[in-house]
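Below is one structure, written out as structure tokens; comments come after it.
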Amino acid sequence: MTPDSPIIDITAITASPGQPLRLAVVGHTNTGKTSLLRTLSRNPDFGEVRDSPGTTRHVEGLRLLAGGTTAIELFDTPGMEDGMALLDYLEQLTPPGERLDGPARIQRFLASPESLRRFEQEARVLRKLLECDAGIYVVDARDPVLAKHRDELAILSACGHPLLPVLNFTHSPDQRIDEWRDAMARLGLHAVVEFDTIAPPLEGEDQLYDKLALLLDSHAHTLKALKQDIAQQRLQRHQEAMSLVAEMLIDIAALRLSSPPDSADLEKAAATLRERARKREQQAIDALLKRYNFRPADFPNHALPLQGERWDMDLFHPQALKDMGIHVGKGMAAGAMAGATLDMFTAGISLGAATLLGAAAGGLWQGADKLGRRLMGRMRGYQEVTVDDAVLRLLAIRELALVAALERRGHAAQEPIDVSTLMADKAETLRKDKLPEELLEARATPEWSTLTTHYQPSSRRAETVKKLAAVLQNL
Ligand SMILES: Nc1nc2c(ncn2[C@@H]2O[C@H](COP(=O)(O)OP(=O)(O)OP(=O)(O)O)[C@@H](O)[C@H]2O)c(=O)[nH]1
Ligand SMILES: [Mg+2]
């Protein structure tokens, strides 16, 4: 297993052993270069991202690890602002008749006084690109292709390294992907990747690394290893996410509170039940966000109202369930008891019940275990309150939708996560079928819930969580 977060921030990288691939991320200002690094490194805190030009002022690097060793060193660079003026200046530096190749022209520029003044930003970019094996040229695909871009590309190409254009903002209705592909081909750049840093395609990283491998033959092996590492981590994250959801569902399905049978006490028990379930869901959400390297602030709308003030977010509001097409039973409609089922006390007790009751009635029930206590309670007229099936369904739908959203989200995204359409997708699969066997078993096994003091860890519980996680994974 590899560590989840293959990222080490490095501001100044010196040559390191093992020859990692060194890539400079370059391009016009404000095209999403820093955003791309955030998404590739799954690190929402890398660098500074703002919707204004000139945000990144210095070169900053990070490493992507594969199998514990550095596969790629990626460098964020300041945006190019005035490629046209720089191209003119480069021409001035090379008198007519003098033949210099591209890198020599760039070196001459870097030794010139203007590289420290007017073109200081551009000099930082070109110095880094010269040091690297290749450049990733980030394009805002909404921009029309202009002379400034062509000049910029002419200068970058002069560094003598392969350039891979990455088209960003590809989901925008104003995207001009075809125009950019055409312009790139005319400049001899035939490998192009579409990669929206906010919502990258699921296969986006693979495509990026595959195309780099084509351009950089000698690093193909490293890139393949990196791809495998990413795929393995993705799978591992998904499996862990399913376990987190399964744990939560088992905890809530097994949650069982007993109460004297009068209505005031039952309502109180139902309120406690709801509160514990809501908190447990929030705990699962926090764990999922953390597992996918996102921040609680990325999912503010879902901060669950513990008092139920927003019904569309409230697990226990009958309307929230109906909106998801989940059948709402009688219990749900019953005002203060909404979402709580009064247990008829038959679940899980069949053969043994009569014997146990007999034993209890006969006064032999001394060291009453869990089941015994429940039976005793029942005999004294206690009732038990559990979470309604409809609520379990909604919980499963919500969490699976959240996982799907997290898996589609780039770490450059700044807008809050929206799960509404994904919820509808998940609802399709989950609202009708019978509850999975594992949840039915949990319902009848109160000691599986960590939400009460009767919790007892057991291998059977652990096994059931595992099985439920596998069921959820295949939905
Ligand atoms: N909708 C959308 N916004 C994006 C995307 N990529 C970047 N942005 C936004 O574009 C703006 C610029 O992003 P940065 O990553 O700072 O761009 P940059 O190229 O590093 O900018 P400089 O450092 O100033 O050259 C930010 O407001 C980002 O949130 C994208 O794919 N889709
Ligand atoms: Mg930047």
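Under my numbering, the first residue of the sequence shown carries the number 9, and numbering increases by one thereafter. Backbone N, C-alpha and C define an ideal beta-carbon position, used for all residues, glycine too. The model shown is predicted, which means the values in this text are computed figures rather than measured ones.
What whole-angstrom Cβ distance do residue i and residue j have, given they're in contact under 8 Å?
i: Arg401; j: Met431; result: So it is not a contact: roughly 12 Å between Cβ atoms.
i: Leu224; j: Asp141; result: 6 Å
i: Arg451; j: Ala261; result: 5 Å
i: His246; j: Ala207; result: About 18 Å; that fails the 8 Å criterion.
i: His227; j: Ala233; result: That pair is no contact at about 10 Å.
i: Thr39; j: Val146; result: 5 Å
i: Leu118; j: Leu134; result: 7 Å
i: Val393; j: Leu274; result: 7 Å
i: Pro209; j: Asp306; result: Contact flag wrong, Cβ pair sits at about 20 Å.
i: Ala254; j: Ala477; result: 4 Å
Quick check on this structure: which residue in the options has the alpha carbon closest to the alpha carbon of residue i?
i: Glu446; options: Thr472, Pro181, Thr349 and Lys136; result: Thr472
i: Asp270; options: Leu72, Asn176 and Met345; result: Met345
i: Gly196; options: Gln115, Thr205 and Leu172; result: Leu172
i: Ser484; options: Ala285, His335 and Glu211; result: The structure shown does not extend to residue 484, since the chain is modelled only from 9 through 483, so no value can be given for it.
i: Lys276; options: Ile334, Phe302, Glu211 and Leu350; result: Leu350
i: Asp84; options: Gly69, Leu480 and Arg125; result: Gly69
i: Arg113; options: Ser165, Asp90 and Ala149; result: Ser165
i: Ala292; options: Arg417, Asp259 and Ala79; result: Asp259
i: Pro268; options: Tyr97, Tyr390, Thr429 and Asp90; result: Tyr390
i: Leu29; options: Ile144, Thr64, Leu263 and Pro86; result: Ile144
i: Ala193; options: Gln215, His229, Phe203 and Val153; result: Val153
i: Gly91; options: Gly35, Leu257, Val479 and Glu106; result: Gly35
i: Asp397; options: Pro444, Pro424, Ala413 and Leu410; result: Pro444
i: Arg264; options: Pro181, Leu210, Pro454 and Ala409; result: Pro454
i: His66; options: Lys136, Asp96 and His419; result: Lys136
i: Ser266; options: Ala254, Thr280, Glu255 and Leu44; result: Thr280
i: Val174; options: Ala149, Tyr463 and Ala162; result: Ala149
i: Leu257; options: Leu31, Gln27, Lys475 and Val33; result: Lys475
i: Asn176; options: Leu31, Asp151, Glu423 and Glu392; result: Asp151
i: Ala199; options: Ala162, Leu216 and Glu211; result: Leu216
i: Arg58; options: Gly75, Pro86 and Tyr300; result: Pro86
i: Leu82; options: Ala162, Leu44 and Ala272; result: Leu44
i: Leu72; options: Ala305, Leu138, Gly62 and Phe54; result: Phe54
i: Ala93; options: Leu252, Lys156, His229 and Leu124; result: Lys156
i: Lys129; options: Thr63, Val411 and Glu106; result: According to the sequence provided, residue 129 is Gln. The question's Lys does not apply to it. Taking only the C-alpha atoms, the option nearest Gln129 is Thr63.
i: Leu231; options: Pro465, Gln464, Leu31 and Ser466; result: Leu31
i: Met250; options: Glu122, Asp204 and Leu297; result: Leu297
i: Ala421; options: Glu56, Ala272 and Gln27; result: Glu56
i: Ile163; options: Asp218, Gln115 and Phe203; result: Gln115
i: Glu449; options: Arg469, Leu459 and Asp433; result: Arg469
i: Ile185; options: Ser123, Asp204, His169 and Pro61; result: Asp204
i: Glu89; options: Lys287, Ser466, Arg189 and Arg132; result: Arg132
i: Ala278; options: Gln290, His325 and Gly347; result: Gly347
i: Gln5; options: Ser49, Pro465, Gly105 and Val399; result: This structure cannot speak to residue 5, because the chain is shown only from 9 to 483.
Any chance the CB of residue i is under 8 Å from a heavy atom of ligand 1?
i: Val473; result: no
i: Thr42; result: yes
i: Gln422; result: yes
i: Arg116; result: no
i: Phe177; result: yes
i: Asn51; result: no
i: Arg132; result: no
i: Val201; result: no
i: Ile206; result: yes
i: Ala184; result: According to the sequence displayed, residue 184 carries Arg and not Ala. Checking the Cβ of Arg184 against ligand 1 gives no.
i: Arg417; result: no
i: Arg303; result: no
i: Asp59; result: yes
i: Gly35; result: yes
i: Val67; result: no
i: Val146; result: yes
Name the DSSP bridge partner or partners of residue i?
i: Thr78; result: Leu73
i: Phe83; result: Ala32 and Gly69
i: Pro173; result: Tyr145
i: Ser267; result: Gln391
i: Ala348; result: Val395
i: Met88; result: His36
i: Glu202; result: Leu175
Would the C-beta of residue i count as close to ligand 2, meaning under 8 Å from any of its heavy atoms?
i: Gly143; result: no
i: Gly91; result: no
i: Pro86; result: yes
i: Gly55; result: yes
i: Thr63; result: yes
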